[in-house]
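Asks: Once you've had a glance at the structure underneath, I'll fire off some questions.
Protein chains: 2
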Amino acid sequence: MTSVESDDWLSTLARERADLDRSTTADRVADKLRDSVLAGDIKPGRQLNEKALGEALRVSRNTLREAFRLLTHERLLVHEYSKGVFVRVPEVADIRDLYAARRIIECGAVRCWDRAPEAIRQAVRDAVALGVGQRERDDWPGVGTANVKFHQAVTALAGSSRLDEEMRRLLAELRLAFVVMGDSRMFYEDYLTLNEEMISHLDAGRVEEAEQAMLRYLDRAEEHLATGLRDR
Amino acid sequence: MTSVESDDWLSTLARERADLDRSTTADRVADKLRDSVLAGDIKPGRQLNEKALGEALRVSRNTLREAFRLLTHERLLVHEYSKGVFVRVPEVADIRDLYAARRIIECGAVRCWDRAPEAIRQAVRDAVALGVGQRERDDWPGVGTANVKFHQAVTALAGSSRLDEEMRRLLAELRLAFVVMGDSRMFYEDYLTLNEEMISHLDAGRVEEAEQAMLRYLDRAEEHLATGLRDR
DNA sequence: GTGTGCAGATTGTTGAACAATCCTGCAATG
DNA sequence: CATTGCAGGATTGTTCAACAATCTGCACAC
């Protein structure tokens, strides 16, 4: 073997090293809580009692509080001093704020289409195709998660892992709103056709039109969530 | 007094209520550490020993670890499992990533100029004026902080507190890079003229030109930082 | 009904303790 | 000389128990 090959091995292993580093128990507790919150098992507004939860999960209060802090940072929980942590109750103002951010990030990302590496563009196409497949088998929750994948892939076009991370947080917070209003399937149907429109625009080099389609999508989704949240 | 006045009092107090809520000691410790890191007192790469720091700051290890967690989320510290936390060493790749995000956010925010409330647009003008004043009295660090204010004000044009928060984090992380390379004053001079150009474009309704100026600014700043970091 | 004060519950913070892991230096091996 | 193996010390990961500070709810007085 040549030394070049050997170096290649080393760099590959170095890249996978992160997987080896076990996560802290706080991280795993946070994962479990995040699932429970996003699945709607713990309803928005509900307080998370440190003692009770700590005993249930068999972790100490300190570790649990670290997990709380993680989820507070993700805006899934809110922390009130000397009162405790609560599952966030999404307000209409939050939706407005959130979609203002999405408009900036996702429309900006769409404009990066021509500059983005082919692999990432392909990921966008794949996400749309996945959604279409799920629709054909009437798997509407599947269409929903494919939609999330689509928007994450679009964000990746910008080429910033920091933006990707922020979008991950924004989308998780959005799912909270879906939890309180219960998502309708007609909704996703609507979204999917807009995604298909976007990808056809992009593949034809009509970046400007794709951005307009994204803007329409965001406007419509925002209004749907805002009204749904107002009279829930 | 009328009931309207009374309501006004209440809403004012409600807004200031956050100031009354004392923060946790972890928050205050994090503030202190953040200042030390951004002032360059604790150099990038240096490890933060839990026991020593805890004794110096008179807080328990648990509380200190809470503060570490906060600053790790802000990307000022990095955490390696079973090894401890270290002040982040900014890499060129970080700069690239960071400026890709800034391009999306700040250029997108500039496009919101016409839709933004007048008060926020005025804040942008004020930030430029402040920088001009500081330049006249040769206060170059002052010009630097005015420049940060300018970019925060521009971000606020988008109308999303979540984006504002993200920009706050991005700018703090950027200051880390300045810490390791030592900021030059010629640099800020250059920036300030670009800011003046932007504001004149905006006041004349030439949003498109202002966005181009922002893009030029970001390109130039990124290159300056990347090269300065490579051969530090 | 409004305000006051007390008791119980919950959170904020600390310090100690032990297990798990990492780092360092040194000896042994080839 | 380079590498490996190993012991010992130092540091981190995690838990627990305790106390102070704060909040909440309820009874009571006016």
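Those protein sequence lines, which keep their order, are chains E and R.
Count the first sequence with our numbering and you get residues 1 to 232, in order.
Count the second sequence with our numbering and you get residues 233 to 464, in order.
Where is the CB? At the ideal position from N, CA and C, for every residue including glycine.
Is there at least one Cβ from chain E nearer than 8 Å to asparagine 294 of chain R's Cβ?
Replies: Position 62 of the second sequence, counted from the first residue, corresponds to residue 294 of chain R. It does; some Cβ of chain E falls within 8 Å.
Asks: Whose C-beta lies closer than 8 Å to the C-beta of phenylalanine 382 of chain R among residues of the same chain, with five residues either side of it excluded?
Replies: The residue given as residue 382 of chain R occupies position 150 in the second sequence. Taken in chain order, the residues that qualify are Val356, Ala359, Val360, Gly363, Asn427.
Asks: Since glycine 84 of chain E is in the beta strand (DSSP E), which residue starts that stretch and which ends it?
Replies: Locating residue 84 of chain E in the first sequence gives position 84, counting from the first residue. First-last of the beta strand (DSSP E) with glycine 84 of chain E: 84-87.
Asks: Can the beta-carbon of cysteine 344 of chain R be found closer than 8 Å to that of leucine 447 of chain R?
Replies: Numbered from 1 along the second sequence, position 112 holds the residue referred to as residue 344 of chain R. Numbered from 1 along the second sequence, position 215 holds the residue referred to as residue 447 of chain R. It is not a contact, given that the beta carbons lie outside the stated cut-off.
Asks: Return the CA-CA distance between arginine 230 of chain E and alanine 378 of chain R, expressed in angstroms with no decimal places.
Replies: Residue mapping note: residue 230 of chain E aligns to position 230 of the first sequence, counting from 1. Residue mapping note: residue 378 of chain R aligns to position 146 of the second sequence, counting from 1. So the two alpha carbons sit approximately 40 Å from each other.
Asks: With DSSP as the reference, label leucine 157 of chain E as helix, strand or coil.
Replies: On the first sequence, residue 157 of chain E is found 157 positions in, with the first residue counted as 1. Three-state DSSP puts leucine 157 of chain E in coil, outside helix and strand.
Asks: With a threshold of 8 Å between beta carbons, is histidine 305 of chain R in contact with chain E?
Replies: Numbered from its first residue, the second sequence carries residue 305 of chain R at position 73. For histidine 305 of chain R, the answer is yes, since a Cβ of chain E falls inside 8 Å of its Cβ.
Asks: Could you tell me whether the Cβ of alanine 105 of chain E comes closer than 8 Å to any Cβ of chain R?
Replies: What you label residue 105 of chain E is simply residue 105 of the first sequence in a count that begins at 1. Looking at the sequence provided, one finds isoleucine at residue 105 of chain E rather than alanine. Taking Cβ atoms only, chain R reaches closer than 8 Å to isoleucine 105 of chain E, which makes this a yes.
Asks: If you draw a straight line from the C-alpha of glutamate 209 of chain E to the C-alpha of histidine 201 of chain E, how long is it?
Replies: As a first step, residue 209 of chain E is located in the first sequence; it is residue number 209 there, counting from the start. As a first step, residue 201 of chain E is located in the first sequence; it is residue number 201 there, counting from the start. The alpha-carbon atoms of glutamate 209 of chain E and histidine 201 of chain E are separated by roughly 6 Å.
Asks: List the residues that DSSP assigns as beta-bridge partners of histidine 311 of chain R.
Replies: Counted from its first residue, the second sequence places residue 311 of chain R at position 79. Answer by DSSP bridge pairing, in chain order: R:Val317.
Asks: In terms of alpha-carbon separation, which member of E:Arg175, E:Pro90, E:Arg61 lies closest to serine 36 of chain E?
Replies: To locate residue 36 of chain E, count along the first sequence from 1; it is residue 36. That would be E:Arg175, whose Cα lies nearest to the Cα of serine 36 of chain E.
Asks: Using DSSP's beta-bridge definition, name the partner residues of leucine 218 of chain E.
Replies: Translated into positions along the first sequence, residue 218 of chain E becomes position 218. Answer is none; leucine 218 of chain E lacks a bridge partner.
Asks: Are the region 271-279 of chain R and the region 26-41 of chain E in contact at 8 Å, needing three or more beta carbon pairs?
Replies: Contact between the region 271-279 of chain R and the region 26-41 of chain E is absent, because fewer than three Cβ pairs lie under 8 Å.
Asks: Mind checking if glycine 391 of chain R is an interface residue toward chain E, Cβ cutoff 8 Å exclusive?
Replies: Along the second sequence, one-based indexing puts residue 391 of chain R at 159. Glycine 391 of chain R counts as touching chain E.
Asks: If you check the beta carbons only, do leucine 303 of chain R and arginine 266 of chain R fall under 8 Å apart?
Replies: Locating residue 303 of chain R in the second sequence gives position 71, counting from the first residue. Locating residue 266 of chain R in the second sequence gives position 34, counting from the first residue. In this structure, arginine 266 of chain R lies closer than 8 Å to leucine 303 of chain R by Cβ.
Asks: Identify, in the order they occur along the chain, each residue of the same chain with its Cβ nearer than 7 Å to the Cβ of arginine 75 of chain E, setting aside the five sequence neighbours on each side.
Replies: One-based indexing of the first sequence puts residue 75 of chain E at position 75. Answer for arginine 75 of chain E: Arg88, Arg169, Glu173, listed in chain order.
Asks: Does the beta carbon of alanine 109 of chain E sit closer than 8 Å to a beta carbon anywhere in chain R?
Replies: Mapped onto the first sequence, residue 109 of chain E falls at position 109. It does: the Cβ of alanine 109 of chain E has a partner Cβ on chain R nearer than 8 Å.
Asks: Which residues, taken in chain order from the region 318-334 of chain R, show a beta carbon closer than 7 Å to some beta carbon of chain E?
Replies: Correct list: Asp329, Leu330, Ala332, Ala333.
Asks: To be precise: take each residue of the region 137-164 of chain E, compare its Cβ to all Cβ atoms of chain R, and keep it if any distance is under 8 Å. Which residues remain?
Replies: So the close ones are Ala158, Gly159, Ser160, Ser161, Arg162, Leu163.
Asks: For the alpha helix (DSSP H) holding glycine 108 of chain E, just list the boundary residues, first then last.
Replies: Reading the first sequence from its first residue, position 108 is the one you call residue 108 of chain E. First-last of the alpha helix (DSSP H) with glycine 108 of chain E: 92-110.
Asks: Taking 8 Å as the cut-off, decide whether the C-beta atoms of tyrosine 313 of chain R and leucine 450 of chain R are in contact.
Replies: The residue you call residue 313 of chain R lines up with position 81 of the second sequence. The residue you call residue 450 of chain R lines up with position 218 of the second sequence. In this structure, leucine 450 of chain R does not lie closer than 8 Å to tyrosine 313 of chain R by Cβ.
Asks: Under a three-way DSSP split, which group does aspartate 21 of chain E fall into?
Replies: As a first step, residue 21 of chain E must be located in the first sequence, where it is residue number 21. Any reading at aspartate 21 of chain E is ruled out, since the residue's pLDDT is 48, under 50, leaving its predicted position unreliable.
Asks: Measure from the C-beta of leucine 402 of chain R to each C-beta in chain E and report whether the shortest distance is under 8 Å.
Replies: Mapped onto the second sequence, residue 402 of chain R falls at position 170. It does: the Cβ of leucine 402 of chain R has a partner Cβ on chain E nearer than 8 Å.
Asks: Along chain E, which residues have their Cβ under 7 Å away from the Cβ of glutamate 398 of chain R?
Replies: Along the second sequence, one-based indexing puts residue 398 of chain R at 166. By Cβ distance, chain E contributes Glu166.
Asks: Given that arginine 69 of chain E touches chain R, what residues does it touch there, using C-beta distances under 8 Å?
Replies: Here residue 69 of chain E is taken as the residue at index 69 of the first sequence, counted from 1. Here the neighbours are Glu298, Arg301, Leu302.
Asks: With distances taken Cα to Cα, identify the nearest neighbour of lysine 283 of chain R among R:Arg260, R:Ala258, R:Gly316, R:Arg301.
Replies: Position 51 of the second sequence holds residue 283 of chain R. That would be R:Gly316, whose Cα lies nearest to the Cα of lysine 283 of chain R.
Asks: Give me whichever residues DSSP pairs with leucine 280 of chain R in a beta bridge.
Replies: Here residue 280 of chain R corresponds to residue number 48 of the second sequence, with the count starting at 1. Paired residues: R:Val317.
Asks: Under 8 Å, Cβ to Cβ, is there at least one residue of chain R near tyrosine 217 of chain E?
Replies: Here the question's residue 217 of chain E lines up with position 217 in the first sequence. Not one chain R Cβ lies under 8 Å of tyrosine 217 of chain E.
Asks: Thinking just about the alpha-carbon of each residue, which of R:Ala333, R:Arg293, R:Phe300 is nearest to the one in lysine 264 of chain R?
Replies: Start at 1 with the first residue of the second sequence, and residue 264 of chain R comes out as number 32. Nearest option by C-alpha distance: R:Phe300.
Asks: Are the C-beta of threonine 257 of chain R and some C-beta of chain E separated by less than 8 Å?
Replies: As a first step, residue 257 of chain R must be located in the second sequence, where it is residue number 25. Taking Cβ atoms only, chain E never reaches closer than 8 Å to threonine 257 of chain R, which makes this a no.
Asks: Can you tell which of R:Ala385, R:Arg334, R:Leu389, R:Gln366 has the C-alpha that lies nearest to the C-alpha of arginine 452 of chain R?
Replies: Counted from its first residue, the second sequence places residue 452 of chain R at position 220. That would be R:Arg334, whose Cα lies nearest to the Cα of arginine 452 of chain R.
Asks: Just tell me which of E:Ile95, E:Ala153, E:Leu57, E:Thr227 has its CA closest to the CA of glycine 391 of chain R.
Replies: Start at 1 with the first residue of the second sequence, and residue 391 of chain R comes out as number 159. Comparing Cα-Cα distances from glycine 391 of chain R to each of E:Ile95, E:Ala153, E:Leu57, E:Thr227, the minimum goes to E:Ile95.
Asks: Check distances from the C-beta atoms of the region 178-210 of chain E to those of chain R and list, in chain order, the residues that come in under 8 Å.
Replies: Residues: none.
Asks: Report all residues from its chain with a CB closer than 6 Å to the CB of glutamate 197 of chain E; omit the five preceding and five following residues, and keep chain order.
Replies: As a working mapping, residue 197 of chain E is identified with position 197 in the first sequence. Excluding sequence neighbours, glutamate 197 of chain E sits near Ala213.
Asks: With DSSP as the reference, label glutamate 211 of chain E as helix, strand or coil.
Replies: Taking the first residue of the first sequence as 1, we reach residue 211 of chain E at position 211. Note: glutamate 211 of chain E maps to helix in three-state DSSP.
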